[in-house]
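Before any comments, here is the structure.
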Amino acid sequence: MHVQVVLFDGFDPLDAVAPYEVLYAGGTASGGAVSVELVSAEGPREVVSGTGGLVLRATGALDPGRADLVLVPGASGRVGEPDEVPDHDAGSGPWRQDESVPVLLGRTLTTGLPALLKTAMDDPEVTVAAVCGGSLVLAMAGLLEGRRATTHHLGLDLLDATGVHAVDARVVDDGDLVTAAGVTSGLDLGLYLLEREVGPRIAHAVERLFAHERRGTVWRARGPVPAGL
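With the working numbering, the residue at position 109 of the sequence shown is 127, and numbering never jumps.
See the structure below:
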């Protein structure tokens with residue numbers, strides 16, 4: 019399984035690095051069954067995060083034709099006001115460190131990222147995953163209508179407003195779309211993907227190595243619908 023973790027200006031470092039490290043460790047534990055790289059829509063470049071100007075280097079270009087899994091992080095910045103909802107014109111000017119999370123997420127719509135993510139979503143052989151506001155990147159690009167997904171609890175209403183069936187869960191498995199909630203849930207997402215794609219023994223070994231126990235039940239549309247809860 020080859021994984022491409024997408025970086026964009028203003029990304030949240032923990033959203034990207036947590037699953038990257040988990041999946042990388044899974045590759046080591048499995049003898050190379052998993053490989054992972056940092057990419058951007060523009061190709062190799064230094065990408066500035068929204069956390070104190072921390073920079074990570076994308077070593078390749080996002081290419082759904084080479085990836086089995088594409089993972090989209092959220093953004094790091096000001097929480098923003100309730101009415102600060104991004105649209106296709108959001109973030110059209112020069113990027114600033116003090117921009118709000120909604121504007122940073124909206125800025126991705128002005129790049130080549132949505133088209134590449136659509137290619138990934140349209141390919142049944144590619145799984146698309148997202149952490150935190152990464153789900154909103156996909157949703158604002160019009161790629162998640164009618165799907166089940168989660169995001170940070172502060173963004174669930176916005177996610178729902180885009181036509182997504184928002185689920186208040188830490189990790190949501192909707193087949194070829196797997197999403198996670200707040201920033202630290204990227205660890206849980208990585209561990210779940212290892213369990214699902216490589217096997218529980220590899221996931222357990224990485225869980226022990228990282229001294230982190232995956233939290234909660236992964237939500238899937240299986241079994242009876244709960245009543246009276």
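Cβ atoms here follow ideal geometry from the backbone N, Cα and C, with glycine treated the same way.
The distance from the Cβ of residue 148 to that of residue 180 is about 13 Å, inconsistent with a contact at the 8 Å cut-off. A direct Cα-Cα distance of roughly 21 Å separates residue 190 from residue 31. Assignment of beta-bridge partners to residue 93 by DSSP yields 29. The DSSP-derived three-state label of residue 138 is helix.
When the Cα atoms are used, residue 122 and residue 129 turn out to be separated by approximately 12 Å. Excluding the 5 residues flanking it on each side, residue 236 has same chain C-beta neighbours closer than 7 Å at 189, 191 and 210, in chain order. The Cβ-Cβ distance between residue 67 and residue 74 falls below 8 Å. Checking the DSSP bridge columns, you'll see residue 75 partnered with 64. In this structure, residue 33 keeps its C-beta atom at 8 Å or more from the C-beta atom of residue 208. Spatial neighbours of residue 117 in its own chain (CB-CB distance under 8 Å, excluding positions within 5 residues in sequence) are listed in chain order as 28, 68, 95, 96, 109 and 125. About 10 Å separates the beta carbons of residue 154 and residue 172, which is beyond the 8 Å limit, so they are not a contact pair.
Remark: C-beta atoms of residue 135 and residue 159 approach each other more closely than 8 Å. Annotation for residue 191: the continuous beta strand (DSSP E) segment containing it runs 189-191. Burial is judged here by how many other beta carbons sit within 10 angstroms of a residue's own beta carbon; residue 225 has at least 16 and is buried.
The beta carbons of residue 137 and residue 86 sit no closer together than 8 Å.
The C-alpha of residue 186 lies about 35 Å from the C-alpha of residue 63. If you draw a straight line from the Cα of residue 90 to the Cα of residue 25, it comes to about 8 Å. Counting every other CB atom within 10 Å of its CB across the protein chains shown gives residue 142 a total below 16, marking it as exposed. If the five residues before and after residue 43 are omitted, its C-beta is found closer than 8 Å to the C-beta atoms of 224, 227 and 228, all from its own chain and listed in chain order. Nearest to residue 194 by C-alpha distance, out of 215, 204 and 61, is 215. In the three-state reduction of the DSSP assignment, residue 232 falls in the coil class, being assigned neither a helical nor a strand state.
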